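Using UniProt numbering, you'd call the opening residue of the sequence shown number 1 and step up by one each time.
Where a beta carbon is used, it is the ideal one built from N, C-alpha and C, also for glycine.
Just so it is clear, the structure is predicted and the values come from calculations on it, not from any experiment.
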Amino acid sequence: MSYHKTYAAAKADPEAFWLEQAKSIDWDSPPTAGYDEATNCWYADAIGNTCYNCVDRHVEAGRGDQVAIIHDSPVTNSVSRLTYAQLQDQVSRLAGVLHERGVLKGDRVVIYMPMVPEALVAMLACTRIGAVHSVVFGGFAAPELAVRLNDCTPKAVIAGSCGIEPNRVVEYKPLLDAAIEMAEEKPEFCLIMQREQARADLISGRDFDMLDEMSRAAPADCVPVAGSDPAYILYTSGTTGQPKGVVRPTAGHMVALNWSMGNIYDVGIGDVFWAASDVGWVVGHSYICYGPLLAGCTTVVFEGKPVGTPDAGTFWRVIADHKVKSFFTAPTAFRAIKREDPKGEHVARYDLSDFKTLYFAGERADPDTVHWAADVLGVPVIDHWWQTETGWAIAANPMGLEALPVKVGSPSVAVPGYEIHILAPDGTEMPTGELGAVAIKLPLPPGTLPTLWNADDRYKKSYLTTFPGYYETGDAGLIDEDGYLYIMARTDDVINVAGHRLSTGAMEEILAEHPDVAECAVIGVSDDLKGQLPVGFLCLNRGVDRPEAEIVAECVAQVRQVLGPVAAFKSAVVVERLPKTRSGKILRAIMVKIADGAEYKVPATIDDPAILTEISEALSRIGYADAAKK
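Below is the structure:
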């Protein structure tokens, strides 16, 4: 079926459509109904097991010798592979360790691991016995880890002894010990995966060597769970600073991810799929671990950086070495590569003949980066849009279903199952092509969050209250005459300049077109006369030796030429780097608070807190002295 026919079928009879897709999953007891209003879940009456569908069924189908996981680690100069049969052995043994120590269906397990295959083994081991895992990015600060321990009350923690960065080793065990000391809710035991780069000291009676325990454990079988039972909790930072625990229900998660692998990413059994993200972020859950393994693919676990491990050609080397067919990363990674290698000269060193499609997500893919990637790689570059809460794409170009025309700047069209609307503040529909709040008509499709962990009221207030009958995404955008969606900014990033609602994203697109600009951000700062004024931050390409003032003047003129004086774009400043989360999102809201001289809390997800001082100093150079003072 074409995209339009498939979308129409899912909209006309979602129950029949999604029950049909559920047939691709192996169930102990298949679902007899689709959406269940009582649980706000799909397939609530189904019984099955995620680990079985990711691992055991492929072994039983005779594909045990197929590689399931490739671990490529330039920071340790090593590559290793696990077949599906080997993965089954490791997962069942770790599940046996947990089960023998009293972890039962419904118990929580926190996973605090670096980018190693054992992180996936730990996730799958939990789902094998029906335990609910919560992965926290390895190296996360102890106070933030303690908050998560208190919220999900885990019976156990599975942790790595250390993580390895390009220029340093980060010891995880002292951070874990400090977090447990701070937390009111303490785990009964911890399993520690020892790495030779920094072996951890184990506390007698509480800590155990994970690999040693696995070597002696009896393998555990898969435990059937209900379709509405949670597979995992994933914390996402909330605006209050209190993390929100997104709950992922088992059955809808399996069906949605399995469907997406073939229909969105155009991969299936035996194909090599690589998502260059981390466990601890939703991309790591959906498209490093579960999605590829559900579909019988080979998944790449990459322990490195887009630049510096060792150079800006690392991504191309991984794609060539492992014959990656579909590759998924954040635009920020490509901006870093482009900054180091503006002409893409590293690409010519590698055979990329097996590489078919590049996917961007995680933040807006500015047209300049999309064009650059398409030019140097010679493959389709597909932007798509989704959220931690949804777990898979809301809007995408469904390459496995039908490759639609690419409109650069748009994540394409609504994915079957999602009905996207652009709403005015009063909830009325915005005209075609006009900016408004992006909302999704309820109920959401399979795989999306039914609630927040132990916080039903917060779930309703955060997502369902502003526009009754709709899920509020928190993003602002528009839909054009062809049904293509454009995400222009977070709702908070739409600024009001003298009564005119303007998208900071549109200004960023214009700035990114300047040949000397590698990356940029625009924020709205408070102004007594006009309400808000836009301020731009520019990161320049390596090797640019022109005066910064000259580049800034050209950028200001470029924005004013395209958007006109109504944008009131007069201020920009050159900075070495932008404050980001570890997943690559630019922390614009924090930048606004710095510019306005307001108090702020340093987000736990920030990649390097020192960047905030640099932003403050840069703002003071262009007249925002209050920022430097506070």
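Assuming P243 and T236 are in contact, meaning their beta carbons sit under 8 angstroms apart, how far apart are those beta carbons, in whole angstroms? Confirmed, Cβ separation roughly 7 angstroms.
Does P143 come out as helix, strand or coil in the three-state DSSP assignment? For P143, the three-state secondary structure derived from DSSP is helix.
Keeping to the same chain, check which residues put their C-beta closer than 7 angstroms to that of E340; ignore five residues upstream and five downstream. Excluding sequence neighbours, E340 sits near V307, A312 and R542.
May I have a chain-ordered list of the beta strand (DSSP E) segments no shorter than 3 residues that lie completely inside the region 262-319? Every unbroken stretch of the beta strand (DSSP E) spanning 3 or more residues and falling wholly within the region 262-319 is given here in chain order: 272-275 and 298-302.
Spatial neighbours of E509 in its chain, beta-carbon cut-off 7 angstroms, leaving aside the 5 residues before and after: Excluding sequence neighbours, E509 sits near D366, P367 and G409.
Excluding the five sequence neighbours on either side, which residues of its own chain have a C-beta within less than 6 angstroms of the C-beta of K585, listed in chain order? So the list reads E363, once near-sequence residues are dropped.
Among all the DSSP beta bridges, which residues are the ones paired with I479? Bridge partners of I479: L485.
Nearest to P411 by CA position, among G433, F360 and P446, is which residue? Checking every option, the nearest Cα to that of P411 belongs to F360.
In terms of residues, what are the limits of the beta strand (DSSP E) holding residue 655? This structure leaves residue 655 out entirely; the chain is present only between 1 and 630.
Assign T357 to one of two classes, buried (16 or more other C-beta atoms within 10 Å of its C-beta) or exposed (fewer than that). Classification of T357: buried, given that the 10 Å Cβ count is 16 or more.
Classification of G564 by the beta-carbon crowding that lies within 10 angstroms, buried from 16 upward: Exposed, because fewer than 16 other Cβ atoms sit within 10 Å of the Cβ of G564.
State the start and end residues of the unbroken beta strand (DSSP E) segment that holds H99. Counting along the chain, H99 falls outside any beta strand (DSSP E), though it belongs to the alpha helix (DSSP H) covering Y84 to E100.
Would the region 198-205 count as touching the region 102-113 if we require 3 or more Cβ pairs under 8 angstroms? Cβ pair count under 8 angstroms is below three, so no.
What is the rounded straight-line gap between the Cα of V406 and the Cα of C520? So the two alpha carbons sit approximately 23 angstroms from each other.
Of the residues L540, P547 and D480, which one's Cα is nearest the Cα of L578? Residue nearest to L578 within the set L540, P547 and D480 is L540 (criterion: CA-CA distance).
Near W274, which residues of its chain fall below 8 angstroms by C-beta distance, leaving aside the five closest residues on each side in sequence? Same-chain partners within the cutoff: T299, V300, F302, V318, I319, H322, V324, S326, F327 and F328.
Exposure label - A553; buried when at least 16 CB within 10 Å: It counts as exposed.
Within its chain, find whatever has a CB closer than 7 angstroms to the CB of L19; leave out the 5 residues flanking it on each side and keep chain order. Excluding sequence positions up to five before and after L19, its CB lies within less than 7 angstroms of the CB of P31 and G34, all in the same chain and listed in chain order.
Residue range of the alpha helix (DSSP H) that includes Y463: Per DSSP, Y463 belongs to the alpha helix (DSSP H) from D456 to Y463.
So what's A159 in DSSP terms, helix, strand or just coil? Reduced to three states, the DSSP call for A159 is strand.
Could you say which of N496, D516 and H99 lies nearest to V525 if we only look at CA atoms? For the residues N496, D516 and H99, the minimum Cα distance to V525 belongs to N496.
Same chain only: Cβ atoms within 8 angstroms of E184, ignoring 5 sequence neighbours per side: Cβ-Cβ distances below 8 angstroms link E184 to N150 in the same chain, with the five nearest sequence neighbours on each side left out; the list follows chain order.
Alpha-carbon to alpha-carbon, I69 and N77: Roughly 17 angstroms between the two C-alpha positions.
Residues bridged to C520 (per DSSP): Bridge partners of C520: L538.
Paired residues, beta bridge with H253 - DSSP: DSSP, once it has assigned bridges, lists no residue as partnering H253.
Minimum C-alpha distance to H371 - residue among A396, P331 and V544: Out of A396, P331 and V544, P331 has the C-alpha closest to the C-alpha of H371.
Excluding five sequence neighbours on each side, which residues of the same chain lie with their C-beta closer than 6 angstroms to the C-beta of S73? Excluding positions up to five away in sequence, the list reads E303.
Taking its Cβ as the centre, do 16 or more other Cβ atoms sit within 10 Å of A627, making it buried, or is it exposed? Because the pLDDT at A627 is just 42, under 50, the model does not fix this residue reliably, and the value given afterwards should be weighed accordingly. Flag for A627 reads buried.
Which first and last residues belong to the alpha helix (DSSP H) in which V376 is found? Element bounds for V376: P367 to L377.
DSSP beta-bridge partners of V169: Answer by DSSP bridge pairing, in chain order: I164.
Expressed to the nearest angstrom, what Euclidean distance is found between the alpha-carbon atoms of K343 and P380? In this structure, the alpha-carbon of K343 lies about 18 angstroms from that of P380.
Closest residue to V132 among G160, G138, L98 and P117 (Cα-Cα distance): Cα-wise, what sits closest to V132 is L98.
Could you tell me whether the region 391-405 touches the region 260-274, where touching means 3 or more Cβ pairs closer than 8 angstroms? Cβ pair count under 8 angstroms is three or more, so yes.
Secondary structure of L444, DSSP reduced to three states: The DSSP-derived three-state label of L444 is coil.
Three-way DSSP call (helix, strand, coil) for W18 in this model: W18: helix per DSSP, three-state reduction.
3-residue-minimum beta strand (DSSP E) runs that sit fully inside the region 550-606, ordered along the chain: If we require 3 residues or more, the beta strand (DSSP E) runs fully inside the region 550-606 come out as 571-574.
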